[in-house]
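Numbering (full-length UniProt numbering), first residue to last: 1 to 551.
Quick reminder that beta carbons are idealized off the backbone N, C-alpha and C, glycines included.
A short write-up of the structure that comes next.
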């Protein structure tokens, strides 16, 4: 696939060191003097002709990181870096707490306008947002690839998810509502009324800096809510670019821009959103560790939360599986996005009769993976997002060695600019090894050998997370046992397809330490609304429920 607007030249090969300190909700970037000096020079990628797509998206050297109907940003200045070479792209001025407060107030005022717009009319605005994204899909997909590090086709595909959810939400805007229920009392009607929660706070992660916001934003909008977005601090340019596209649509429709507000920031903004009683629903995507802290803060105020957290996903391959499906599925699900999807396959459970054959075939496929510049059309595997992730990869490899695992392939940092590591396959570890039960957000695949169906199902369910799972089999009885109460305990339960690559029409989310939230399709819209049970007496009598007499 060709990158539009001259966006096909390779990244320059210069390393710029950054320090990233993990804190609540975010990795806050603190630049050393040498890095800050480099970022202030004309070497910013946004100034180079081959990255003209960034200018098409309205980006410049310095970008405002606050939008609430007008643009601003008086907080810390952060520099966004390209993971493929660690060169600075551009800078963003984050929000101060005063700007956060102003933005919430403006969002509340905007809700008073938006809530009065009929749902189908809200759907029309969302349709226009989808069309606007279509018009910028190549440029925005290129930015996602540049800033996050995923390959170009995945970047475009991520924007397409937002577009698809907008299309879905348009139809949904004419369908949301509750039933009319039979009343036991004559002359009475019993109905369910669904109303918006008001302000939806959306905190998204670096790995899907467009799609996850889109899942939440499109559905929340047609439900009558306004949105406040805090994207990952390491992908602020994507947040700014998406917000610019959405803001233009709102402006054309003479609607308050604060309907879709944005505050770039770190732990202070994220904590404020979690504790703010004015936030009717907080949707958080990130690690289980941080998600637990979010949940506690939101619960402390009896607020509503939607958590999309970690996953330790497994593919189970039985003796009757079609290996021509298994091998490409396992490879795509384990190395796609360099192992940085929440639905990435991290455990591959193979029946003892096919174990050696499958390992050999997957190892051969790994060696054929085209690793390189994410913008190159032939590349299938790009860098990790940060240097911190590279260190996590190395730490996991060391744990593998200490716990008795065998490296089939990979296990090293690649000798090239950027945050590249070798995609890795591990065998020889027990199913309950501590490192196997640890979700490391890197491309490491643990291969396990099992004997029986009961054993495999139990191993799938024994980890703390419960996001995605899949089996490969031709046995229909086994399929329905897998889907049933004694099968997978995950939110996504697949058969003969990978653990990753979910469609937008189904509810996306998981159980246990994955958080229990559901986004996107099916009846996920209910999480963005509050339900009232309403009894209407249209008679002249006053009968009580359960036949009670009170005379």
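Item	Value
For residue 469 and residue 493, which I take to be in contact (beta-carbon distance under 8 Å), what is that distance rounded to the nearest angstrom?	6 Å
Less than 8 Å between the CB atoms is what I'm expecting for residue 429 and residue 403, so what's the real figure, rounded?	6 Å
Comparing C-alpha positions only, which one of 513, 147, 506 sits nearest to residue 519?	506
Measuring straight from C-alpha to C-alpha, what distance separates residue 487 and residue 268?	41 Å
Can you list, in chain order, the residues of its chain with a C-beta nearer than 7 Å to that of residue 540? Leave out the 5 residues immediately preceding and following it.	none
Could you tell me if residue 536 is buried or exposed, where buried requires 16 or more neighbouring beta carbons within 10 angstroms of its beta carbon?	exposed
Pick out whichever of 524, 551, 534, 213 has its Cα sitting closest to the Cα of residue 190.	534
Quick one: what's residue 469 bridged to in DSSP?	314, 493
Looking at the unbroken beta strand (DSSP E) that takes in residue 486, where does it start and where does it end?	Counting along the chain, residue 486 falls outside any beta strand (DSSP E), and DSSP gives it neither H nor E.
Are there 16 or more other CB atoms within 10 angstroms of the CB of residue 451, so buried, or fewer, so exposed?	exposed
What residues in its chain sit with their C-beta under 8 Å from that of residue 222, if we drop five residues either side in the sequence?	119, 122, 123, 126, 169, 170, 172, 173, 176, 525
So, helix, strand or coil for residue 202, using DSSP?	strand
Taking the alpha carbon of residue 371 as the reference point, which residue from 422, 242, 409 has its own alpha carbon closest?	422
Flag this pair as yes or no: are the beta carbons of residue 47 and residue 103 separated by less than 8 Å?	no
Taking only runs of the beta strand (DSSP E) that begin and end inside the stretch 37 to 97, which ones reach a length of at least 3 residues, in chain order?	62 to 64, 77 to 81, 88 to 93
Among 229, 409, 220, 401, which has the Cα closest to the Cα of residue 262?	229
Would you kindly report the start and end of the unbroken beta strand (DSSP E) that includes residue 427?	424 to 427
According to DSSP, is residue 543 part of a helix, a strand, or is it coil?	coil
So the beta strand (DSSP E) residue 284 belongs to, where does it begin and stop?	281 to 285
How about residue 283 and residue 306: do their beta carbons lie closer than 8 Å?	yes
Check each candidate in 416, 145, 184 and name the one with the smallest Cα separation from residue 546.	184
State buried or exposed for residue 527, treating a residue as buried only when at least 16 other CB atoms are found within 10 Å of its CB.	buried
Run through DSSP, which three-state label would residue 194 get?	strand
Report the rounded CA-to-CA distance for residue 59 versus residue 241, giving the unit in angstroms.	7 Å
Check each candidate in 320, 100, 414 and name the one with the smallest Cα separation from residue 475.	320
Does the stretch 283 to 294 come within contact of the stretch 202 to 209, defined as at least 3 CB pairs closer than 8 Å?	yes
What does the Cβ neighbour count give for residue 299, buried or exposed, with the cut at 16 atoms within 10 Å?	exposed
In terms of residue numbering, what span does the beta strand (DSSP E) encompassing residue 436 cover?	Residue 436 -> no beta strand (DSSP E), and no H or E assigned at all.
For residue 86 and residue 418, which I take to be in contact (beta-carbon distance under 8 Å), what is that distance rounded to the nearest angstrom?	6 Å
Are the stretch 344 to 354 and the stretch 106 to 119 touching, with three or more C-beta to C-beta distances below 8 Å?	no
Buried or exposed for residue 193, please, with buried defined as at least 16 other CB atoms from any protein chain shown within 10 angstroms of its CB.	exposed
I need the DSSP call for residue 151, collapsed to helix, strand or coil.	coil
Tell me whether residue 229 sits in a helix, a strand or coil according to DSSP, three-state version.	strand
Is it buried or exposed for residue 349, if we count other Cβ within 10 angstroms and need 16 for buried?	buried
Taking all protein chains shown into account, decide if residue 216 is buried (16 or more other Cβ within 10 angstroms of its Cβ) or exposed.	buried
In the DSSP assignment, the alpha helix (DSSP H) including residue 122 goes from what residue to what residue?	119 to 135
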